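>
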Amino acid sequence: MNYDEFKETYELINRKFEKLQEEVASYKGVTIPYLYYTDFVDYAMNKLGIKFQNTSMPDELADKMSGMLIVANGKKKVVVNKKTHPNRQHFTLMHELSHALLHADLNKSQSFSDLLDDNSYSEDEQLDEAEANIGAGILMANDMALHHAIIDNYNFYNFARNVGMSSSALYFRTRQFLSANFGMNINGYDTIKLTNLCEKYGFGIILEKIGESYRGFFDRRMEERGEKFCDLTILEFNNPYFQRPSWLLQNMS
Ligand SMILES: [Zn+2]
C-alpha cells in the first residue's frame, strides 16, 4: 500500500468508525476518548447481534491462528484464540469486528481466518487484512483518545495499558495516526523518530515537535466534528491539571 492508498483507506475507515464511536459512546454513556474496546464488543453483541466466542482451538490451529470471523445463515460470529496473549486477544476482537463491519456479506457464507504469521496471506486477502488492522487500531485507540494523550502528555506505556494494547501495537498505531493526519510517511525516518520520542518522553512531545501542523489538524477536526467535539474541548478546560498550549486557548475565545 503506498502513501495515497494508505491515507485514503484510513480516512474511509475512520469516517465510518467515527459514526460507530458516536453511537457506542452514547449507548455506553461515555465520551469518545474514553471508549474501551469492550464497549464495542458490548454494542456489537447487543445492538448488532454479532456473537463473540473466546475459545481453545485444536492444537494444530492454536499456534497458527489469532482468531476468525464466520459469516453464515445471516449471522456473524467472532472467534478468538484464548491461547494468545490478552493484549493480542483484545486486538484480535477489534480486527474481527472490523472484518464484520467492513467486509462481511450476510448473503454469503464466508470466513476470515487470522493467522499469527502475516506472510501466509494471499495477495487478495492482504488488502482486507490491512484494512482490518487499520480498523482495529482505530477502535482500540481512536484519534480523539490520542488527541487527549497528546495535549495531556500521557506516558506511552500507561496509555497502552489503559487502552488494553501492547506497546508494539500502540507504536504502530501512533505511526498510523501521524502518517494519516500529518502527511508523514508511515515508514519514514521522521515518523519513526517521533514515535520513538513519544515512547521515551510521552505523547506531549508531538506538540513540541509538530505544533503548527498539529494546530491545523485540531482546527479541521473542530469543523468536521462540530458540537460534539466542542463539548469535549470544554470538558478539557475544566481539568485544572491541564497545561494548555497558548494556541488552544486562543482557539476557544
Ligand atoms: Zn483478518
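All residue numbers for the sequence shown refer to the numbering used here, where the first residue is 115 and numbers rise by one.
We treat Cβ as the ideally placed atom computed from N, Cα and C, and that holds for glycine.
Small disclaimer: the values here were computed from a predicted structure and weren't measured.
Return the CA-CA distance between residue 169 and residue 180, expressed in angstroms with no decimal places.
Rounded to whole angstroms, residue 169 to residue 180 spans 11 Å at the Cα level.
> Ignoring anything shorter than 4 residues, give me the alpha helix (DSSP H) runs that lie fully in the segment 171 to 243, in order along the chain.
Counting whole runs of 4 or more residues, the segment 171 to 243 contains the alpha helix (DSSP H) stretches 173 to 176, 200 to 216.
> Quick check: the segment 214 to 231 against the segment 183 to 195, are at least 3 beta-carbon pairs closer than 8 Å?
A contact exists between the segment 183 to 195 and the segment 214 to 231.
> Look up residue 106 in the DSSP assignment and say whether it is helix, strand or coil.
No answer is possible for residue 106: it lies beyond the span of the chain, which begins at 115 and ends at 367.
> Just the C-alpha distance for residue 331 and residue 124, rounded to the nearest angstrom, thanks.
Rounded to whole angstroms, residue 331 to residue 124 spans 15 Å at the Cα level.
> Do you know whose CA, among 252, 309, 291, lies nearest residue 387's CA?
Here the chain comprises residues numbered 115 to 367, so residue 387 is not present and cannot be evaluated.
> Please confirm whether any heavy atom of ligand 1 lies closer than 7 Å to the CB of residue 213.
It does: the Cβ of residue 213 is within 7 Å (strictly closer) of some heavy atom of ligand 1.
> Please report the distance separating the alpha-carbon of residue 249 from that of residue 255.
Approximately 10 Å between the Cα atoms of the pair.
> Is DSSP giving residue 152 helix, strand or coil here?
Here residue 152 sits in helix by DSSP.
> Ligand 1 and residue 226: does any heavy atom of the ligand fall closer than 7 Å to the residue's C-beta?
Checking the Cβ of residue 226 against ligand 1 gives yes.
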